[in-house]
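Asker: So the sequence shown is numbered by our numbering: it starts at 7 and just counts up by one.
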Amino acid sequence: MSIAEKINSIQNQIRNHHCQLVAVGKTKPVTTLIEAYETGIRDFGENKVQELIDKYEQMPKDIRWHMIGHLQRNKVKYVVPFVHLIHAVDSVRLLSEIEKQASKIERPVNCLLQIHIAEEESKFGLSEDELFELLYSQDFLQCQYVRVIGLMGMATFTKDTKQVRKEFRTLKQLFEKVKERKDLPSHVQMQELSMGMSSDYSVALEEGSSMIRIGTTIFGSRN
Ligand SMILES: *Cc1c(COP(=O)(O)O)cnc(C)c1O
Numbered sequence: 007m008s009i010a011e012k013i014n015s016i017q018n019q020i021r022n023h024h025c026q027l028v029a030v031g032k033t034k035p036v037t038t039l040i041e042a043y044e045t046g047i048r049d050f051g052e053n054k055v056q057e058l059i060d061k062y063e064q065m066p067k068d069i070r071w072h073m074i075g076h077l078q079r080n081k082v083k084y085v086v087p088f089v090h091l092i093h094a095v096d097s098v099r100l101l102s103e104i105e106k107q108a109s110k111i112e113r114p115v116n117c118l119l120q121i122h123i124a125e126e127e128s129k130f131g132l133s134e135d136e137l138f139e140l141l142y143s144q145d146f147l148q149c150q151y152v153r154v155i156g157l158m159g160m161a162t163f164t165k166d167t168k169q170v171r172k173e174f175r176t177l178k179q180l181f182e183k184v185k186e187r188k189d190l191p192s193h194v195q196m197q198e199l200s201m202g203m204s205s206d207y208s209v210a211l212e213e214g215s216s217m218i219r220i221g222t223t224i225f226g227s228r229n
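1. Express the C-alpha separation of E11 and H72 in angstroms, rounding to a whole number.
2. Within its chain, find whatever has a CB closer than 7 Å to the CB of V36; leave out the 5 residues flanking it on each side and keep chain order.
3. Buried or exposed for F163, please, with buried defined as at least 16 other CB atoms from any protein chain shown within 10 angstroms of its CB.
4. Looking at ligand 1, does it come within less than 8 Å of S204, judged from the CB to the closest heavy atom?
5. So if DSSP puts V95 in a beta bridge, which residue, or which two residues, is it bridged to?
6. If you drop the 5 nearest sequence neighbours on each side, which residues of the same chain put their C-beta closer than 7 Å to that of A210?
7. Considering just the uninterrupted stretch of the beta strand (DSSP E) at E213, what are its terminal residues?
8. Can you look up S133 in the DSSP assignment and give me helix, strand or coil?
9. Given that a residue counts as buried once 16 or more other Cβ atoms are within 10 Å of its Cβ, and exposed if not, what is L118?
10. Would you identify the three-state DSSP class for R171, choosing helix, strand or coil?
11. Taking 8 Å as the line, does the beta carbon of A108 fall inside it for any heavy atom of ligand 1?
12. On the premise that D206 lies in contact with A161, defined as a C-beta separation below 8 Å, what is that separation, rounded to the nearest angstrom?
13. Look up A29 in the DSSP assignment and say whether it is helix, strand or coil.
14. Quick one: what's got a C-beta closer than 8 Å to T38's C-beta in the same chain, skipping five residues either side?
15. Less than 8 Å between the CB of T162 and some heavy atom of ligand 1, yes or no?
16. Would you mind sorting S215 into buried or exposed? The rule is 16 or more other CB atoms within 10 Å of its CB.
17. Along the chain, where does the beta strand (DSSP E) containing D49 start, and where does it finish?
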């Protein structure tokens, strides 16, 4: 199947869901990403800052760039001027740095808070307690340019669909719990739930994902 056919097939699958496809082109050359662009894809995700910048510079300017990987504080200043959404924020320190850089250029920056839902120790993310602590922290309350527009999570890498479903369901429930709060700061708006990648997006869709991040299924395996 061509890239266009693969994208078409995913778009058909998400048609009846309120869900946005983010094409993850990491390690793939711009010429390959352009094939996806030509089918109408405008949301692209990268997990490395340098690659994100290189591709931003070389590709059409109507693309919405998603930083989906772990972001180091010393690199925030490079992405804040153009990024559409930062998916994996998991500390107040990182949020404060995004605020600092965003205020310099007076540009609002949309972020998702990453929640730890997987069994693996290595995956980044906040616990539920840490999430609420962050949302009501002084440093966050003072932010004027950072906007938290939802949550993001990565399920355990396993073929056990039950396990994956359980983790996505937990994340969705937490999303709804935050959304129901009446006392949230005005720069928190629970709109997006970023969950699901090539191996588990069908489950994520069923569990209420609003954004799936797909690499391999569109572009083939990475070297
Ligand atoms: C690479 C990556 C993806 C896409 O992974 P695939 O399995 O290739 O679809 C999604 N989210 C994050 C955070 C990634 O780093």
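We put the CB at the ideal spot given by N, CA and C, even for glycine.
Answerer: In terms of the structure at hand:
1. Straight-line spacing of the CA atoms in H72 and E11 works out to 23 Å.
2. So the qualifying residues of the chain are K61, Q64 and M65.
3. Classification for F163: exposed.
4. At least one heavy atom of ligand 1 is nearer than 8 Å to the Cβ of S204, so yes.
5. According to DSSP, which records beta bridges pairwise, V95 is partnered with L119.
6. Within the same chain, A210 has close Cβ partners F174, M201, G202 and I218.
7. It is not in any beta strand (DSSP E) - E213 carries neither H nor E in the DSSP assignment.
8. Coil.
9. By the neighbour-count definition (other C-beta atoms within 10 Å, threshold 16), L118 is a buried residue.
10. In the structure shown, R171 sits in a helix (DSSP, three-state: H, G or I).
11. No, the beta carbon of A108 sits no closer than 8 Å to any heavy atom of ligand 1.
12. About 6 Å separates the CB atoms of A161 and D206; that is less than 8 Å, so the two are in contact.
13. In the structure shown, the three-state DSSP call for A29 is strand.
14. The answer, listed in chain order, is I9, G31 and F225.
15. Taking the Cβ of T162 as the reference point, every heavy atom of ligand 1 lies at 8 Å or farther away.
16. S215 should be labelled buried.
17. If you look at D49, you'll find it in the beta strand (DSSP E) that goes D49 to E52.
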